[in-house]
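Undergrad:
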Amino acid sequence: MKVRIFFPLIASALLAQAGCTTVQPWEKGKLAKPEMTFGGDRLETRYADHIYTSREAAAGGAGVGGGGCGCN
Amino acid sequence: MISKQTPQELAASLLAAALLLPGVQAHADEPPRNGSISLRYLDYADRQPGLDRIHAHSPSVSVTAPVAGDWSVEGTLTADDVSGASPRYHTAISGASHMEDERKAGDFAVTRYFRRGTLTAGAAYSTEHDYVSRALSLNGTLSSEDNNTTWAFGLAGSRDSINPVNNVVVDEHKRTVSVLAGVTRVLTPNDIAQLTLTRTNGSGYYNDPYKLFDNRPRSRRENTVLLRWNHYVDATGGTTRLGYRYYSDSFRIRAHTLSGEYVQPLANGWTIAPELRLYTQSAAWFYYDPVYDATLGAPFPPGFSNGADPNRLSSPDQRLSGFGAVTVGLKVAREIGKLWTVDVKVEEYEQRGSWRLFHDGSPGLAPLRARVLQVGLTRRW
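Sequence lines, in order, name chains A and B. According to my numbering, the first sequence is numbered sequentially starting from 196. According to my numbering, the second sequence is numbered sequentially starting from 3.
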């Protein structure tokens, strides 16, 4: 039940923020830097996901589509 | 001859010129300009007091390439060579058994780029001597006209086949269906945030076939909320990358993950990035603490000698206990020319039952420590 309340609250807060500001194209130079993107190094991310998935109960969050393994 | 422009025409010209600058369309839906190939090697070792446990070596390769203007393809191949001691119940060293395994995994994805969106179809395959996993996925993004907001959606399914060498089960399966919804928003010229929600429904064989008294529910529903925020620091030219994830599932596990990283570019192509990750989870409702049956002792669960149903749901798996964990890491990278990047990353990980927050339970488990070393090399063309 807590999760059902938690999800839309956070979503609403971010979406509300989303409507407040407009950043112009010529102001996005810093945002285009690789370290400002959310993707990161794919292989490094895979390793981290694999390690934490095999050592902790919680998993995922950033994407869907990876296969499973016998490590957990 | 000098032409006179109206303010509107001047603004339009400036906008058009700005859009031509590389990188200005911060999160536009456009294919990568360059292809790249990355090689990466992982060396992982974990240990508990008095016992070196798992050691893994894992080389991998990843290729990304633009194709025919509006398309890109990417694929990865990984091989894991895992060996060591794996406890059969809780963390008792006397119950440890030697194991060796080799896992080969690969995935492939094709992305089509549209003016305001992308569509990616992917497939993944992983095989071990006792476990095979197959997965398909479809992910998409849609951006607002000003490219300040991007919505993401995803649908994925997996089908795993499980054939443990001890034959406690034969040809078991596990199936999952996952959905994703997310939004990425440019907040200021220095800030960008992302919210992602996922839900996974799974059914089938969730037991660990190599653990004693491991009998878990045959379905699992998992939810995650992931909030990430990247901030560019004008004073230093560095970037802070913060993340928080809330996880809950039908095993009644609740977990919080807080992660932070600071990326600082230095002179001559060097970059240094320290990181810190804090994690805590509650125990699954059917996990039993390392307190054993009064008559039979370890590893029998309490009540086993008094006629308790031997098929009741239970698990002594430390990963389903309540604990907290800390990761401290440092990554150093160097760009060599415009085409090469090399990096080294070292992490130290530790989990302890006494570090759990928000929840009770799971005392007395031995701490687990791990050391992770990665070396990476990327070549662009």
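Glycine included, each C-beta is placed from N, C-alpha and C at the ideal position. Predicted model only: the values in this text are computed from it and were never measured.
What does the alpha-carbon distance come out to for the pair residue 148/B and residue 163/B?
TA: By 1-based counting over the second sequence, the position of residue 148/B is 146. By 1-based counting over the second sequence, the position of residue 163/B is 161. In a straight line, the C-alpha of residue 148/B is about 46 Å away from that of residue 163/B.
Undergrad: Do we get a CB-CB distance below 7 Å when we pair residue 191/B with the residues of chain A?
TA: Working through the second sequence from its first residue, we reach residue 191/B at position 189. Yes, residue 191/B lies at the interface with chain A (some Cβ there is under 7 Å from its Cβ).
Undergrad: Have a look at the DSSP bridge pairing and note the partners of residue 106/B.
TA: Working through the second sequence from its first residue, we reach residue 106/B at position 104. Answer is 81/B and 129/B.
Undergrad: Give the secondary structure of residue 255/A by DSSP, where H, G and I count as helix, E and B as strand, and everything else as coil.
TA: The count along the first sequence starts at 1 and reaches residue 255/A at position 60. Coil at residue 255/A, not helix or strand.
Undergrad: Would you mind working out which of 367/B, 253/B, 88/B and 64/B sits nearest residue 217/B, comparing C-alpha positions?
TA: As a first step, residue 217/B is located in the second sequence; it is residue number 215 there, counting from the start. Ranking 367/B, 253/B, 88/B and 64/B by Cα distance to residue 217/B puts 253/B first.
Undergrad: Quick one: which residues of the region 177-207 of chain B get their C-beta closer than 8 Å to a C-beta of chain A? List them in chain order.
TA: Under the 8 Å Cβ criterion, the region 177-207 of chain B contributes 178, 180, 181, 182, 185, 186, 187, 188, 189, 190, 191, 192, 194, 195, 196, 197, 198, 199, 200 and 202.
Undergrad: Please state if the CB of residue 55/B and the CB of residue 87/B are separated by a distance shorter than 7 Å.
TA: Here residue 87/B refers to the residue found at position 85 when the second sequence is read from its first residue. Here residue 55/B refers to the residue found at position 53 when the second sequence is read from its first residue. Yes, the Cβ-Cβ distance between residue 87/B and residue 55/B is below 7 Å.
Undergrad: What span of residues does the alpha helix (DSSP H) with residue 243/A cover, start to end?
TA: Position 48 of the first sequence, counted from the start, is the residue given in the question as residue 243/A. Element bounds for residue 243/A: 237-250.
Undergrad: Using three-state DSSP, classify residue 382/B as helix, strand or coil.
TA: Your numbering for residue 382/B matches position 380 in the second sequence. Three-state DSSP puts residue 382/B in a strand.
Undergrad: Quick one: any contact between the region 53-73 of chain B and the region 338-349 of chain B, if contact means 3 or more CB pairs under 8 Å?
TA: No, the region 53-73 of chain B is not in contact with the region 338-349 of chain B.
Undergrad: Any idea what DSSP makes of residue 146/B, helix, strand or coil?
TA: Position 144 of the second sequence, counting from 1, holds the residue named residue 146/B. Three-state result, residue 146/B: coil.
Undergrad: In terms of DSSP beta bridges, what is residue 226/B paired with?
TA: For this step, residue 226/B is matched to residue 224 along the second sequence. Its beta-bridge partners are 200/B and 249/B.
Undergrad: Please classify residue 331/B: does DSSP put it in a helix, a strand, or coil?
TA: As a first step, residue 331/B must be located in the second sequence, where it is residue number 329. Three-state result, residue 331/B: strand.
Undergrad: With distances taken from CA atoms, which of 43/B, 65/B, 41/B and 59/B is nearest residue 34/B?
TA: Stepping through the second sequence from its first residue, residue 34/B is reached at position 32. Of 43/B, 65/B, 41/B and 59/B, the residue nearest in Cα terms is 65/B.
Undergrad: Considering only residues of the same chain and omitting the five flanking positions on each side of residue 207/B, which have a CB-CB separation below 6 Å?
TA: Residue mapping note: residue 207/B aligns to position 205 of the second sequence, counting from 1. So the qualifying residues of the chain are 164, 174 and 176.
Undergrad: List the residues of chain A that residue 257/B touches, going by C-beta distances under 8 Å, in chain order.
TA: As a first step, residue 257/B is located in the second sequence; it is residue number 255 there, counting from the start. Within 8 Å Cβ-Cβ: 251, 252 and 253.
Undergrad: I need the straight-line Cα distance from residue 249/A to residue 145/B, nearest angstrom please.
TA: Taking the first residue of the first sequence as position 1, residue 249/A is located at position 54. Taking the first residue of the second sequence as position 1, residue 145/B is located at position 143. Each residue's alpha carbon lies about 35 Å from the other.
Undergrad: According to DSSP, simplified to helix, strand and coil, what is residue 287/B?
TA: Looking up residue 287/B in the second sequence gives position 285. Coil, per DSSP.
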